[in-house]
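Novice:
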Amino acid sequence: MGKRVFVVGVGMTHFDKPGRRKDVDYPDYAVEAATKALIDANLTYDDIGFAAVGYVYGDSTCGQRCLYELGLTQIPIVNVNNSTMSWGTLATSVFAYLATNSLDCSTGSTALYVARQAILCGQTSCAMALGFEKMAPGSLATVWKDRTNPLGRLLKDMASVRGYDTKAPFAAQIFSNAGVEYLEQHGGPPAALDAIAAKSHNHSTLNPYAQHNHPASIDDVRNARRIVGPLTLLHCSPTSDGAACAIVADEEFVVRHGLQRQAIEILSQELVTDSTMAFDPARQKPPSCVELAGADMTRTAARRAYAAAGITPADVSVVELHDCFSANELITYDALGLCPPGRAAEYAMSGATTLPQFRAKEPSPQDRATIVNPSGGLISKGHPLGATGLAQCCELSWQLRGWAGPRQVPNADKALQHNIGLGGAVVLTIYGRPAQPLETGAESRPDEDPRKRFGYNPAVECRQIAASDVQRVMSRRGSLSGTPGRVYGDRVAQVGRTAQHSNL
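In UniProt numbering, the protein residues as written are 1 to 504.
Here it is as structure tokens:
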């Protein structure tokens with residue numbers, strides 16, 4: 001058996017409408033998420049031997065700028081950007097919803113992938129994956145206008161079969177066309193998309209970290225402002241500010257630090273890029289909008305991940321799925337094998353993916369219940385690009401620990417995380433309670449509830465951190481003049497002020 005890797009600490013900030021917290025910059029979000037993850041793991045920054053930091057909007061060493069707040073320990077810090085930065089958004093008077101000019105939004109999960117690889121290759125026994133984003137409110141212009149657009153081929157192929165509406169956000173067009181093509185090929189009403197979006201909005205009412213936590217009925221979704229095709233505003237994820245963090249460690253580290261009770265095993269993880277299903281070099285067949293939207297990346301990653309974990313889709317209890325648009329969730333049900341081929345629309349309307357308290361009807365026996373996006377997903381929880389994949393990791397870790405309170409999936413044992421972006425990359429991770437028992441080390445405290453370190457349950461309460469929390473986890477050997485609390489910047493003293501938020 002190969003080396004085992006576990007998630008031992010997670011933490012995240014509230015996801016905010018861009019610009020809402022004007023006194024908070026990206027290092028503040030990042031320090032808050034990292035501090036919470038370190039408290040969760042009962043560690044300090046001195047225990048971290050490697051860090052991968054994911055973000056899309058920012059200069060080249062933003063990861064260092066964030067983590068230097070916790071210590072100057074000279075560990076490797078790798079800045080991860082698995083997103084191409086060419087953007088445009090659709091702004092409304094209430095929300096800014098994602099309509100990107102480049103959609104490889106798998107940066108956060110790629111940071112987790114890199115951190116796990118650092119452990120698997122023996123570089124360190126404990127690593128941090130941190131993701132954050134501070135996005136601009138309102139409309140965002142294309143950034144790189146003087147060079148090749150990495151999505152140029154995709155857009156050309158899409159336009160050749162579905163046309164191109166210059167007045168509509170093209171990201172929404174890509175996924176709308178994929179959903180329409182799927183429904184045309186396999187049957188099913190557009191109401192399936194409405195059901196998916198309503199589910200996500202309703203789930204988010206139970207998530208204190210969600211950017212939007214207002215319920216929505218199918219009629220609310222259907223009657224919202226039309227964006228393109230069958231998609232309305234409430235089918236689309238918002239742009240967001242926020243951060244999330246996960247700490248991963250090998251088995252020996254888990255045992256030595258007595259973290260068995262909270263350790264969630266990464267049973268398998270796959271990072272996959274595009275195939276000829278999306279881009280046929282010989283051009284022997286018309287382009288498929290479903291495949292242009294990344295379905296084969298997901299299909300391949302899922303097949304490999306299930307095999308590596310030794311499970312099937314039937315073994316998965318809960319999924320955090322990259323629902324940048326409801327149409328992507330629809331086609332991904334099929335690609336992940338959650339439903340029989342061609343039956344995603346029926347599956348979406350069956351109630352099988354919905355928390356029991358929000359079901360309009362009970363799923364039939366043939367529709368296996370697998371709860372999807374209990375967090376509210378990207379559609380309602382929010383989508384700060386670099387943080388999205390790690391926020392999914394937070395949610396699934398809490399679910400598998402049994403901490404998720406009113407949104408807890410009953411008897412959750414195995415979890416699947418799907419984080420995709422066009423351009424393209426998908427990271428698919430399968431988590432589980434430890435597949436084999438962990439040893440009990442001399443320092444183990446198996447009866448200690450990790451929530452006592454917070455004084456509350458972080459899965460169901462989103463509280464601000466205090467300066468004393470940051471000082472508790474800061475490096476002792478990497479602080480200025482050997483004095484904890486005096487590190488790189490001046491933000492620690494401001495934490496109590498800048499970490500405030502409200503669920504609006």
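Even glycine gets a Cβ: it sits at the ideal position worked out from N, Cα and C.
In three-state DSSP terms, what is Phe15?
Specialist: Position 15 of the sequence shown, counted from the start, is the residue given in the question as residue 15. DSSP places Phe15 in coil when its eight states are reduced to three.
Novice: Beta carbon of Tyr68, beta carbon of Cys62: below 7 Å?
Specialist: For the purposes of this step, residue 68 is taken as residue 68 along the sequence shown, with counting starting at 1. For the purposes of this step, residue 62 is taken as residue 62 along the sequence shown, with counting starting at 1. Taking 7 Å as the Cβ cut-off, Tyr68 and Cys62 do not qualify as a contacting pair.
Novice: Report the option in Thr124, Pro356, Lys134, Gly9 whose CA atom is closest to the CA atom of Arg20.
Specialist: Working through the sequence shown from its first residue, we reach residue 20 at position 20. Residue Lys134 is the option with its Cα nearest to Arg20.
Novice: Give the straight-line distance between the Cα atoms of Ala435 and Ala307, rounded to the nearest whole angstrom.
Specialist: To locate residue 435, count along the sequence shown from 1; it is residue 435. To locate residue 307, count along the sequence shown from 1; it is residue 307. Spanning the two alpha carbons is a distance of roughly 15 Å.
Novice: Is the beta carbon of Val78 sitting closer than 7 Å to the one on Thr110?
Specialist: If you number the sequence shown from 1, residue 78 lands on position 78. If you number the sequence shown from 1, residue 110 lands on position 110. For Val78 and Thr110, no; Cβs fall outside 7 Å.
Novice: Taking the straight line between their C-alpha atoms, what separation do you get for Leu338 and Asn457?
Specialist: Taking the sequence shown and counting its residues from 1, one reaches residue 338 at position 338. Taking the sequence shown and counting its residues from 1, one reaches residue 457 at position 457. Taking the straight line joining both Cα atoms gives about 31 Å.
Novice: Using 8 Å as the threshold, is the segment 1 to 15 in touch with the segment 392 to 405, meaning 3 or more CB pairs across them?
Specialist: Counting Cβ pairs under 8 Å, three or more are found: they touch.
Novice: Can you give me the Cβ contacts of Gly2 inside the same chain, cut-off strictly under 7 Å, excluding the 5 residues immediately before and after it?
Specialist: In the sequence shown, counting from the first residue as 1, residue 2 sits at position 2. Same-chain partners within the cutoff: there are none.
Novice: Counting along the chain, where does the beta strand (DSSP E) carrying Met128 start and finish?
Specialist: Mapped onto the sequence shown, residue 128 falls at position 128. Its beta strand (DSSP E) spans residues 126 to 133.
Novice: DSSP has Tyr431 in a bridge; who is on the other side?
Specialist: For the purposes of this step, residue 431 is taken as the residue at position 431 of the sequence shown. Paired residue(s): Ile266, Ala415.
Novice: Could you name the residues of the same chain whose beta carbon sits closer than 6 Å to that of Ala115, not counting the 5 residues immediately before and after it, in chain order?
Specialist: As a first step, residue 115 is located in the sequence shown; it is residue number 115 there, counting from the start. Correct list, in chain order: Ala52, Ala127, Ala129, Val248.
Novice: Grouping DSSP H, G and I as helix and E and B as strand, with all else coil, what is Phe279?
Specialist: Taking the first residue of the sequence shown as 1, we reach residue 279 at position 279. Note: Phe279 maps to coil in three-state DSSP.
Novice: Taking 6 Å as the cut-off, is the beta-carbon of Ile331 closer than that to any non-hydrogen atom of the ligand FMN?
Specialist: In terms of ligand content, the structure shown is empty, and the ligand FMN therefore cannot be addressed.
Novice: Answer yes if the segment 191 to 207 comes into contact with the segment 375 to 391, meaning at least three C-beta pairs across the two stretches below 8 Å, and no otherwise.
Specialist: These segments touch.
Novice: For Thr354, collect the residues of the same chain with a Cβ closer than 6 Å to its Cβ; drop the 5 residues on either side in sequence, then sort them by chain order.
Specialist: Position 354 of the sequence shown, counted from the start, is the residue given in the question as residue 354. So the list reads Lys199, once near-sequence residues are dropped.
Novice: Does the separation of the CB atoms of Gly131 and Gly108 fall below 7 Å?
Specialist: For the purposes of this step, residue 131 is identified with residue 131 of the sequence shown, where counting begins at 1. For the purposes of this step, residue 108 is identified with residue 108 of the sequence shown, where counting begins at 1. Their beta carbons are under 7 Å apart, which means Gly131 touches Gly108 by this criterion.
Novice: First and last residue of the alpha helix (DSSP H) that includes Gly402?
Specialist: Position 402 of the sequence shown, counted from the start, is the residue given in the question as residue 402. Per DSSP, Gly402 belongs to no alpha helix (DSSP H) and is neither H nor E.
Novice: If contact is defined by three or more beta carbon pairs under 8 Å, each pair taking one atom from either stretch, is the segment 414 to 423 in contact with the segment 311 to 324?
Specialist: The segment 311 to 324, when compared against the segment 414 to 423, does touch it at the 8 Å Cβ threshold.
Novice: Determine, using beta-carbon pairs with one atom in the segment 459 to 468 and one in the segment 207 to 220, whether at least three such pairs fall under 8 Å.
Specialist: Segments in contact, yes.
Novice: Count the C-beta pairs between the segment 10 to 19 and the segment 230 to 249 that are closer than 8 Å, then say yes if the count reaches three, no if not.
Specialist: Counting Cβ pairs under 8 Å, three or more are found: they touch.
Novice: Taking the alpha-carbon positions, what's the Ala96 to Leu234 distance?
Specialist: Numbered from 1 along the sequence shown, position 96 holds the residue referred to as residue 96. Numbered from 1 along the sequence shown, position 234 holds the residue referred to as residue 234. The pLDDT assigned to Ala96 is 45, lower than 50, so where the model puts this residue is not dependable, and the model offers no usable value.
Novice: Which residue marks the beginning of the alpha helix (DSSP H) containing Ile331, and which one marks its end?
Specialist: Against the sequence shown, residue 331 aligns to sequence position 331. First-last of the alpha helix (DSSP H) with Ile331: 326 to 336.
Novice: Please list the terminal residues of the continuous beta strand (DSSP E) segment that includes Ile227.
Specialist: Residue mapping note: residue 227 aligns to position 227 of the sequence shown, counting from 1. Note, Ile227: beta strand (DSSP E), 226 to 228.
Novice: Can you tell me which of Thr44, Ala178, Thr35, Ser479 puts its alpha carbon nearest to the alpha carbon of Ser288?
Specialist: Taking the sequence shown and counting its residues from 1, one reaches residue 288 at position 288. Taking only the C-alpha atoms, the option nearest Ser288 is Ala178.
Novice: Quick one: Cα of Asp157 to Cα of Glu265, how far?
Specialist: Position 157 of the sequence shown, counting from 1, holds the residue named residue 157. Position 265 of the sequence shown, counting from 1, holds the residue named residue 265. Taking the straight line joining both Cα atoms gives about 40 Å.
Novice: Could you give the DSSP three-state label for Val8: helix, strand or coil?
Specialist: Looking up residue 8 in the sequence shown gives position 8. Reduced to three states, the DSSP call for Val8 is strand.
Novice: Please check the pair Ala172 and Ile227, which I expect to be a contact at CB under 8 Å, by giving their CB distance rounded to whole angstroms.
Specialist: Residue 172 sits at position 172 when you count from the first residue of the sequence shown. Residue 227 sits at position 227 when you count from the first residue of the sequence shown. With 8 Å as the limit, Ala172 and Ile227 qualify as a contact, their Cβ atoms being about 5 Å apart.
Novice: Measure from the alpha carbon of Ala360 to the alpha carbon of each residue in Ile196, Pro230, Val470, Ala344, then state which is nearest.
Specialist: Taking the sequence shown and counting its residues from 1, one reaches residue 360 at position 360. Looking at the Cα atoms, Ile196 is the closest of the given residues.
Novice: Could you check if Arg162 is buried or exposed, using at least 16 other CB atoms within 10 Å of its CB as the buried criterion?
Specialist: Stepping through the sequence shown from its first residue, residue 162 is reached at position 162. It counts as buried.
Novice: Hey, could you find the ends of the beta strand (DSSP E) Ala246 is sitting in?
Specialist: The residue given as residue 246 occupies position 246 in the sequence shown. Its beta strand (DSSP E) spans residues 242 to 250.
Novice: Between His383 and Cys324, what straight-line distance do the alpha-carbon atoms span, to the nearest angstrom?
Specialist: Position 383 of the sequence shown, counting from 1, holds the residue named residue 383. Position 324 of the sequence shown, counting from 1, holds the residue named residue 324. Straight-line Cα distance between these residues: approximately 8 Å.
Novice: Going by DSSP, which residues form a beta bridge with Gly54?
Specialist: To locate residue 54, count along the sequence shown from 1; it is residue 54. Gly54 pairs with Val80, Gly131.
Novice: Name the one or two DSSP bridge partners that Thr232 has.
Specialist: Within the sequence shown, numbered from 1, the residue matching residue 232 stands at position 232. In DSSP, Thr232 forms a bridge with Arg226.
Novice: With 16 other CB atoms within 10 Å as the buried threshold, where does Asn223 fall?
Specialist: By 1-based counting over the sequence shown, the position of residue 223 is 223. When all chains shown are included, Asn223 counts as exposed.
Novice: Look up Leu151 in the DSSP assignment and give the residues it is bridged to.
Specialist: Locating residue 151 in the sequence shown gives position 151, where the first residue counts as 1. Paired residues: none, contrary to the question.
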